[in-house]
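Participant: For the sequence shown, this note's numbering begins at 249 and goes up steadily by one. Ideal Cβ placement from N, Cα and C applies to all residues, glycine included.
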Amino acid sequence: VNVSGNFTMSYSTTIPRMVGLAGSSAIITAAFKGLMRFYRLSLSDLKLKKEALPQKILDIEANELGINAGLQDRVIQVYGGLVHMNFDSKLIKTQGHGDYTSLDPKLLPTMYLAWNTTVAEESGKVHSTAKQRWIKGEKLIVDGMKEVGSFADEARAVLVGNAPEKLAELMQRNFAIRRKMYGDAVVGERNIELVLLAKKYGMAAKFSGSGGAVVCLRIVNKNKKTQQNRKEDETDPFAFSEAEENKIRLSFISKGYEFAKIHPNLSANEPEVGFNIRRSTSYFSVGDDAAANAAAPTQHATKSRLPTAKSGVVLQID
249 VNVSGNFTMS YSTTIPRMVG LAGSSAIITA AFKGLMRFYR LSLSDLKLKK EALPQKILDI
309 EANELGINAG LQDRVIQVYG GLVHMNFDSK LIKTQGHGDY TSLDPKLLPT MYLAWNTTVA
369 EESGKVHSTA KQRWIKGEKL IVDGMKEVGS FADEARAVLV GNAPEKLAEL MQRNFAIRRK
429 MYGDAVVGER NIELVLLAKK YGMAAKFSGS GGAVVCLRIV NKNKKTQQNR KEDETDPFAF
489 SEAEENKIRL SFISKGYEFA KIHPNLSANE PEVGFNIRRS TSYFSVGDDA AANAAAPTQH
549 ATKSRLPTAK SGVVLQID
């Protein structure tokens, strides 16, 4: 492999920092893909399968930056769209990676994202304590993680079965189990307030990552028509009116949070990396982490790349 040629690397991002929206892994993934394009390398040149690329990116974060995290963010950044992930230990042991199944993003209901704009936490701190407790075999953590992991299978079933309103219950159960496993001191007063504020306005909410940001879904009557079978002129039962959304947003802002509707890029497949003679640019959106992570990050996960912000890396030939 010819790796001659100097370059200057820089990056910019509008992904909110340190609130569990995968800002750091988005930059690293963008840099990795940008370097591949810069040197005109394919995964086969690197003797890597696509399924193994997320682990390679995670290894870089762990070894070079000392970040403790899981594979979910990296998988969705590599695959894009909406992905069901199975991280069964037997699978990983036998094939070196999990099973990743792409789903149609159109199956998702309208969702919202809220995040803390004042105080942020390093996600590695939360991940590291959970990992050690898991390694020690603490029953509360082991049983809780298994239950949370099973939610991804349930989430896939309700989406494919055209019953997205059932996601709200899974999200509420997810947060309840997480709060029980970690305790309020670790979950954090502000994070709890964020979830309760969403509940005040009739939404289920769960963390998008380690804390600081939550995905919100309006709780609707099961008898109401879902997004997939309603007529074009009918109201989306999961969406607030513009006036309602503005009122909710102002309420969130008054307490030091931001609130926004998620606008999925339904035409997006695998995240692209642009390339020309002078530079290689790689962009990944905020949803690469968890903007529609209706299930939980553990043994299984269902995540969707829903662009509302971007992280870019530019490689410029010197």
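1. If I follow the unbroken alpha helix (DSSP H) through Ser258, where does it start and stop?
2. Who are the Cβ neighbours of Thr366 in its own chain at under 7 angstroms, not counting the five residues just before and after it?
3. Taking DSSP as the reference, what is the three-state secondary structure of Arg288?
4. Could you round the C-beta distance between Leu351 and Arg404 to whole angstroms and report it? I think they count as a contact, below 8 angstroms.
5. Would you kindly report the start and end of the unbroken beta strand (DSSP E) that includes Phe455?
6. I think Leu388 touches Met359, with their Cβ atoms under 8 angstroms apart; what is that distance to the nearest whole Å?
7. Quick one: is Val323 buried, meaning 16 or more other Cβ sit within 10 Å of its Cβ, or exposed?
8. Go through its chain and collect everything with a Cβ distance to Lys509's Cβ below 6 angstroms, but skip five positions before and after it.
9. My guess is that Ala446 and Ala362 are in contact by the Cβ rule of under 8 angstroms, so how many angstroms apart are they, rounded?
10. Is it true that the CB of Leu289 sits closer than 8 angstroms to the CB of Pro302?
11. From Asn439, Gly314, Ile467, pick the residue whose C-alpha is nearest to that of Ser456; which is it?
12. Return the bridge partner residues of Trp363 from the DSSP annotation.
13. Rounded to whole angstroms, how far is the Cβ of Ala461 from the Cβ of Val267, which I believe are closer than 8 angstroms?
14. Can the beta-carbon of Ser255 be found less than 8 angstroms from the beta-carbon of Phe286?
15. Thinking just about the alpha-carbon of each residue, which of Ala317, Met451, Ala491, Lys454 is nearest to the one in Thr377?
16. Whose C-beta lies closer than 6 angstroms to the C-beta of Gln420 among residues of the same chain, with five residues either side of it excluded?
17. Between which residues of its own chain and Leu306 is the CB-CB distance below 7 angstroms, once the five residues before and five after are set aside?
18. What span of residues does the alpha helix (DSSP H) with Asp391 cover, start to end?
19. Please report how far the alpha carbon of Thr262 lies from the alpha carbon of Gln325, in whole angstroms.
20. Could you give the distance in angstroms between the alpha-carbon of Val434 and the alpha-carbon of Glu413?
21. Ile425 and Gly392: beta carbons closer than 8 angstroms?
22. Helix, strand or coil for Gln350? Go by DSSP, reduced to three states.
23. With a CB to CB cut of under 7 angstroms and the five nearest residues on each side skipped, what residues in its chain are close to Gly450?
24. For the candidate residues Ala411, Arg381, Leu283, whose alpha-carbon lies nearest to that of Pro485?
25. Mind checking who Arg582 pairs with in its DSSP beta bridge?
26. From Thr349 to Lys495, what distance separates their C-alpha atoms?
27. Does DSSP classify Arg265 as helix, strand or coil?
28. Nearest-angstrom Cα distance between Gly409 and Leu355?
29. Counting only the same chain and skipping the five closest in sequence on each side, list residues whose C-beta sits under 6 angstroms from that of Ala416.
Facilitator: By the coordinates alone:
1. Annotation: Ser258 is outside any alpha helix (DSSP H); the continuous beta strand (DSSP E) that includes it extends over 255-261.
2. Once the five neighbours on either side are set aside, the close Cβ partners of Thr366 are Gly504.
3. Reduced to three states, the DSSP call for Arg288 is coil.
4. Yes, they are in contact, since the Cβ atoms of Leu351 and Arg404 sit about 7 angstroms apart, within 8 angstroms.
5. Where Phe455 is concerned, the enclosing beta strand (DSSP E) stretches over 451-455.
6. Distance from Leu388 to Met359 at the Cβ level is roughly 29 angstroms; contact not present, criterion being Cβ atoms closer than 8 angstroms.
7. Burial call: buried.
8. Hits under 6 angstroms: Tyr360.
9. Right, their Cβ atoms sit about 6 angstroms apart.
10. No, Cβ-Cβ distance for Pro302 and Leu289 is not below 8 angstroms.
11. The closest CA to that of Ser456, considering only Asn439, Gly314, Ile467, is found on Asn439.
12. According to DSSP, which records beta bridges pairwise, Trp363 is partnered with Ala461, Glu506.
13. That belief holds up - the Cβ atoms of Ala461 and Val267 are roughly 4 angstroms apart, short of 8 angstroms.
14. In the sequence under discussion, the amino acid at residue 255 is Phe, which differs from the Ser named in the question. With contacts defined as CB atoms closer than 8 angstroms, Phe255 and Phe286 qualify as a contacting pair.
15. For Thr377, the nearest C-alpha among the options comes from Ala317.
16. Closer than 6 angstroms at the Cβ level, and outside the excluded window around Gln420, lie Ala452.
17. Within the same chain, Leu306 has close Cβ partners Ala317, Leu319, Arg322.
18. In this chain, the alpha helix (DSSP H) harbouring Asp391 covers 387-408.
19. A direct Cα-to-Cα measurement between Thr262 and Gln325 gives close to 16 angstroms.
20. Whole-angstrom Cα-Cα distance: 30 angstroms.
21. Yes.
22. One detail in the question is off: residue 350 reads as Ser in this sequence, not Gln. Residue state, collapsed to three classes: strand.
23. These residues qualify, in order along the chain: Arg466, Ile467.
24. Here the closest residue by C-alpha is Ala411.
25. A query on residue 582 cannot be resolved here, the shown segment of the chain reaching from 249 to 566 and no further.
26. Thr349 and Lys495 have their C-alpha atoms roughly 38 angstroms apart.
27. Three-state DSSP puts Arg265 in coil, outside helix and strand.
28. Rounded to whole angstroms, Gly409 and Leu355 show a C-alpha spacing of 9 angstroms.
29. Excluding sequence neighbours, Ala416 sits near Ala452, Leu465, Ile467.
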